[in-house]
Amino acid sequence: MTKLADAAVTFDVQKVRGDFPILAETIHGRRLVYLDNANTTQKPRQVLDALDQYYLHANANIHRATHLLSERATEAYEGTRATVKRFINAADTREVVFTKGCTEGINLVASSWGRSNLRAGDEVLVTWMEHHSNIVPWQLVCEQTGATLKVCPITDRGELDLDAFDRLLASKPKLVSMIHVSNSLGTINPVANLTARAKAAGAVVLVDGAQAVAHMPVDVQAIGCDFYTFSGHKIYGPTGTGVLYGRAALLDAMPPYQGGGDMIASVTFEKTDYNVLPYKFEAGTPNIAGVVGLGAALRYVESLDRSGAQAHEDALLAEATARVRSISGLRILAETARRSSVLSFVVDGVHPHDIGTILDAEGIAVRTGQHCAQPVMDRYGVPATVRASIGIYNTGDEIAQLVAGLHKVREVFG
Ligand SMILES: Cc1ncc(COP(=O)(O)O)c(C=O)c1O
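What follows is the structure, encoded as structure tokens:
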């Protein structure tokens with residue numbers, strides 16, 4: 000504890016740990032050390048209880064029936080929309096669309112906005128540090144429309160090349176889609192500043208917030224972006240849930256992404272009129288229980304001392320960064336000044352998967368591989384990395400166990 004920054008000391012991590020039953024799990028005879036939070040987070044009792052309560056006392060379809068259970072389900076589902084609005088400071092609940100995750104949010108914009116706005120000769124600008132889910136949907140829509148995908152390079156330190164960004168904006172891309180916090184490097188991009196530059200160049204701006212929302216306050220109006228998207232499971236909520244925030248004027252002008260129940264006002268064989276926002280983009284029965292659980296997750300995060308939690312995570316990341324340097328042959332993949340939660344590294348002569356296997360035997364869960372960011376791996380000339388990623392419930396002891404596990408890796412591989 001004494002190694003952690005003062006602000007982090009005020010954060011009661013043991014109390015938070017008590018909210019996450021799975022942290023008591025034993026893995027290969029050891030207590031679980033869960034450092035795979037960028038992949039997915041564990042769920043607090045508050046979320047598990049909300050799911051239970053929903054299925055025990057409110058399970059019904061939403062928006063459709065007049066009976067009491069349907070009213071309860073609708074109220075709980077729409078209650079999450081109000082929570083999300085507050086959580087990201089959207090101007091209106093009409094701007095909050097539920098999806099099954101960040102991937103679907105980006106695909107929705109690429110398919111709906113992209114197909115109706117992009118033409119041959121137009122450009123879409125992404126960055127070199129994107130997750131595949133913010134590359135492939137744009138490649139698909141570029142193939143369909145004849146638009147061109149442009150990529151802003153990154154520096155050796157893992158930051159966006161801002162001069163290149165400005166040069167690329169000079170050719171007036173129609174849309175800029177960028178990651179808020181890199182899942183493979185941990186880099187925090189200055190998204191408000193980048194959005195202002197992109198908008199000054201006339202672009203529509205989407206921000207992929209999958210790795211940001213759990214670690215820092217997000218205010219979509221302060222960022223100034225047109226779209227912001229994230230997944231519920233990376234912020235202590237259920238899998239299969241996510242949010243697409245979109246400015247109402249843009250969403251209003253966009254065609255539906257999928258057709259089906261709930262997204263219509265009236266249907267005849269001659270003509271269908273679509274529902275109002277945000278229902279126009281929520282075809283079919285959604286993940287009602289999951290969305291209810293997402294609301295509980297966001298309210299749980301709101302109930303914490305958020306700046307204390309952030310300072311706690313930052314202090315753990317700084318400690319991990321400093322301590323892994325004692326492992327011979329270990330190289331951190333890009334060390335940016337502004338990083339959140341993620342420590343991505345390689346060890347000379349040892350494949351990341353072998354490191355992951357040895358750590359697993361010690362009860363330590365990390366991710367190894369390309370992290371759905373193959374261009375980042377190519378940029379740094381590595382096939383894969385080991386990624387330890389921190390959440391609110393991690394401790395200094397767990398960082399010490401990670402470092403001890405890595406020393407063991409060195410012993411095994413010489
Ligand atoms: C930065 C980033 N964007 C998008 C995604 C995709 O999220 P999901 O698989 O939950 O849709 C991830 C998942 O790791 C991510 O880290």
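If you count by numbering that gives the first Met the number 0, then the sequence shown holds residues 0 to 413, one letter each, in order.
Every residue, glycine too, gets a C-beta built ideally from N, C-alpha and C.
For clarity, every value in this text was computed on a predicted model and none was experimentally measured.
Please go through the same chain and pick out, in chain order, the residues whose beta-carbon is closer than 6 Å to the beta-carbon of residue i, but skip the five residues on each side of it.
i	result
T147	E122
F226	V108, L205, G245
C224	T194, V204, V206
G260	G283
L249	D225
V290	Y76, T79, F97, T240
A399	none
A414	Residue 414 is absent from the structure shown; the chain starts at 0 and stops at 413.
V15	I391, Y392
A59	L68, S69, A72
D347	G328
In chain order, what residues of the same chain lie with their CB nearer than 7 Å to the CB of residue i, ignoring the 5 residues before and after it?
i	result
Y273	P255, M262, I263, A264, K279
R156	A333, E334, T335
I178	T126, M128, E129, H130, N133, N188, D207
H406	I326
G413	none
L358	V365, G404
R409	I326, S327
Should residue i be labelled buried (16 or more other beta-carbon atoms within 10 Å of its own) or exposed?
i	result
F19	buried
M0	At M0 the pLDDT is 36, less than 50, meaning the model places this residue with poor confidence; the figure from the coordinates comes in the next sentence. By the 10 Å Cβ count, M0 comes out exposed.
V212	buried
Y54	exposed
T194	buried
T271	exposed
S327	exposed
D35	buried
N106	buried
N113	Sequence inspection shows Gly at residue 113; the Asn mentioned does not correspond to that position. With 16 or more other Cβ atoms within 10 Å, it is buried.
P414	There is simply no residue 414 to check, as the chain begins at 0 and stops at 413 in what is shown.
N393	buried
V300	buried
G390	buried
C9	According to the sequence shown, residue 9 is Thr rather than Cys. T9 comes out exposed.
N423	The structure shown has nothing for residue 423, since the chain only spans 0 to 413.
E94	buried
T384	buried
H66	exposed
I21	exposed
A197	buried
V375	buried
G258	exposed
V275	exposed
G185	buried
Which partner residues of residue i appear in the DSSP bridge assignment?
i	result
M177	V206
R80	DSSP, once it has assigned bridges, lists no residue as partnering R80.
G241	T98, S230
D272	S265
L151	Position check: residue 151 holds Cys in this sequence, whereas Leu was assumed. According to DSSP, which records beta bridges pairwise, C151 is partnered with T126.
I26	R29
F344	I331, V385
G368	T384
V349	V346
R16	R16 is not bridged to any residue.
L159	I153
D251	Note: D251 sits in no beta bridge, so no partner.
Relative to the alpha-carbon of residue i, which residue among the options has its alpha-carbon at the smallest distance?
i	options	result
L117	A314, Q143, R63	Q143
E103	N133, D91, E94, A90	N133
S388	K14, A319, C101	A319
L243	V83, R409, R378	V83
I294	N60, V206, V175, S230	According to the sequence provided, residue 294 is Gly. The question's Ile does not apply to it. If we check each option's Cα against that of G294, S230 comes out closest.
S183	R366, N393, A403, I105	R366
G100	L250, D48, T228	T228
S170	E158, G348, A202, C141	A202
H56	A288, F344, T384, L405	A288
N88	Q373, L401, D218	D218
D48	P237, P382, D251	P237
S181	K149, F164, H214, A199	H214
N192	A163, R166, I222	I222
D91	D251, I61, T65	D251
H62	H350, E74, I21	E74
P43	N58, N60, A23, G28	A23
A81	V402, R298, I357	R298
L316	K233, E158, T39, R386	R386
I26	P152, E361, Q210	E361
W137	G120, S176, D162	S176
Check the Cβ-Cβ distances between residue i and every residue of chain D, and say whether any is below 8 Å.
i	result
H179	Included in the structure is just one protein chain, with no chain D present.
Cutting at 8 Å between CB atoms, please list the residues of its own chain near residue i, excluding the five before and the five after it.
i	result
K2	Residue placement at K2 is poorly supported in this model, since its pLDDT is 44, which falls under 50; the coordinates still yield a value, given next. So the list reads A314, E318, G395, once near-sequence residues are dropped.
C141	L117, V123, T147, L148
Q41	F19, I21, L22, Y33, Y235, G390, Y392
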